[in-house]
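Here is the structure we will look at.
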Amino acid sequence: MKKVQFTIDAETARLLESLAEPRAGNRSFVVREAVRRMAEQEGFEEYLDWFEQQPGVRASLERGLADLRAGRTVAHKQVSGRARRSVRR
803 MKKVQFTIDA
813 ETARLLESLA
823 EPRAGNRSFV
833 VREAVRRMAE
843 QEGFEEYLDW
853 FEQQPGVRAS
863 LERGLADLRA
873 GRTVAHKQVS
883 GRARRSVRR
């Protein structure tokens, strides 16, 4: 483990304390977990940026939204029901 010192504002300190309290006051754990989650989020955002750049993705999403607005979609609950009925046959 490496010891690191940093400065935070009062609101962030309050949040850190409130998050650490149910974790036996372990502020280091909260900070480590926050940094890991932020890194995961960055990776996910990079993936979304890459995904949007793939040919046809934006057009496909726009078509899907247009279908949704026009009522040309089927609710998940209906699809699940149909699938269960077809499995029983």
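Take 803 as the starting number for the sequence shown in this note's numbering and just add one per residue. Where is the CB? At the ideal position from N, CA and C, for every residue including glycine.
Helix, strand or coil, according to DSSP, for residue 876 in the structure here?
Within the sequence shown, the letter at position 74 stands for residue 876. Note: residue 876 maps to coil in three-state DSSP.
Which residues mark the beginning and the end of the alpha helix (DSSP H) in which residue 843 is found?
Against the sequence shown, residue 843 aligns to sequence position 41. Per DSSP, residue 843 belongs to the alpha helix (DSSP H) from 829-854.
Mind reading off the beta-carbon distance from residue 821 to residue 832? Whole number of angstroms is fine, and I expect it under 8 Å.
Numbered from its first residue, the sequence shown carries residue 821 at position 19. Numbered from its first residue, the sequence shown carries residue 832 at position 30. Confirmed, about 5 Å.
Rounded to the nearest angstrom, what separates residue 814 and residue 803 at their Cα positions?
Within the sequence shown, numbered from 1, the residue matching residue 814 stands at position 12. Within the sequence shown, numbered from 1, the residue matching residue 803 stands at position 1. Those two C-alpha atoms are separated by around 23 Å.
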